[in-house]
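Student:
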Amino acid sequence: MNLHVLGAMPIANDNYVAFTFFIGTMAMMAASVFFFFELSNVEKKWRTSILVSGLITFIAAVHYYYMRGYNLDTGESPTFFRYVDWLLTVPLMCVEFYLITKKAGAKVGLLWQLIFASVVMLVTGYFGETIYKDQSVLWGVISGLAYFYIVYLVWFGEVAKLATATSPAVAKANKTLGWFVLVGWAIYPLGYIVGTPGGLFGIPATDLGIGGLNMDIIYNIGDAVNKIGFGLVIYSLAQSEKSA
Ligand SMILES: *C/C=C(C)/C=C/C=C(C)/C=C/C1=C(C)CCCC1(C)C
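The sequence shown begins at 250 in the working numbering and counts up one residue at a time.
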């Protein structure tokens with residue numbers, strides 16, 4: 250594979266997919282610089298959380314750089330890079346939940362539960378998008394179950410309980426992160442429905458009236474909203490507790 254990773258190839262005016270990969274790269278890079286520089290601007294107890302926010306967007310920036318080149322070169326979805334990126338960044342988002350609730354006694358076991366559910370969610374989604382395309386509905390449903398388990402933990406389970414026990418500011422931040430998981434992460438199954446032949450439980454995306462949308466554009470929007478948004482919630486939590 251000979252990728253245009255240096256980006257010598259121009260983006261055609263009407264190539265919206267390539268454009269969102271380009272903007273995605275820039276947005277992730279800018280967000281990483283922001284989080285890394287702000288490390289010195291937050292209290293010590295928040296530094297690891299802000300560092301993880303920066304790592305999430307930095308890992309995404311590197312993957313977006315490659316995905317952008319791959320997509321320009323082949324015109325195809327960079328599914329492999331996409332899932333490698335998610336497999337690294339989504340568990341790091343789980344680490345964020347663990348870090349903010351650690352003070353109230355979050356155990357490493359809870360972190361592993363979150364990470365395990367996220368890996369199941371992503372690996373089954375990868376199966377449905379690549380190896381077992383014909384059974385994309387089945388794999389999408391299994392992935393969805395793991396997704397709802399994460400939603401449950403954050404909204405009603407151990408994470409929610411610990412967040413309430415930590416401090417009002419952490420409880421509030423956990424609520425906001427919970428909305429990101431419930432609404433922001435729901436963007437991804439939409440991309441999956443649009444991009445896999447099974448559609449929604451066998452209804453093709455075209456019949457749902459969303460067939461004209463592009464899977465990569467939807468995933469790219471999801472990543473920008475969720476990776477940068479997550480980091481900013483953690484950042485404002487750190488700022489709100491600055492003088493406390
Ligand atoms: C930074 C990347 C993030 C936050 C990625 C999140 C990805 C998901 C929540 C994906 C979920 C999926 C389903 C719930 C069902 C269909 C298959 C997936 C993997 C797209």
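Positions of the beta carbon are idealized from the N, C-alpha and C atoms, including for glycine.
The model shown is predicted, which means the values in this text are computed figures rather than measured ones.
#1: Pick helix, strand or coil for residue 304, following the three-state DSSP scheme.
#2: Whole angstroms are fine: how far does the CA of residue 390 sit from the CA of residue 337?
#3: Give the single residue among 306, 351, 260, 362 whose Cα lies nearest to the Cα of residue 481.
#4: Is the region 351-367 touching the region 298-314, taking contact as three or more C-beta pairs under 8 Å?
#5: Where does residue 345 land, buried or exposed, given buried means 16+ other C-beta within 10 angstroms?
#6: At a cut of 8 Å, does the region 262-275 reach the region 461-468 through at least three beta carbon pairs?
#7: Strictly by DSSP, which residues pair up with residue 321?
#8: Just to confirm the assignment, what range does the alpha helix (DSSP H) spanning residue 291 have?
#9: Which same chain residues, not among the five before or five after residue 491, have their C-beta less than 8 Å away from its C-beta?
#10: Taking 7 Å as the cut-off, is the CB of residue 264 close to at least one heavy atom of ligand 1?
#11: Measuring alpha carbon to alpha carbon, tell me which residue in 440, 460, 422 is nearest residue 478.
#12: Any idea which residues DSSP pairs residue 452 with across the strands?
#13: Mind checking whether residue 459 and residue 436 have CB atoms under 8 Å apart?
Tutor: Let's see:
#1: Residue 304 carries a helical assignment under DSSP once its states are collapsed to helix, strand and coil.
#2: Spanning the two alpha carbons is a distance of roughly 22 Å.
#3: 306
#4: no
#5: Buried is the call here.
#6: yes
#7: Its beta-bridge partners do not exist; DSSP assigns none.
#8: Looking at the DSSP string, residue 291 is not in any alpha helix (DSSP H), and its letter there is neither H nor E.
#9: 291, 292
#10: no
#11: Here the closest residue by C-alpha is 422.
#12: According to DSSP, which records beta bridges pairwise, residue 452 is partnered with 449.
#13: no
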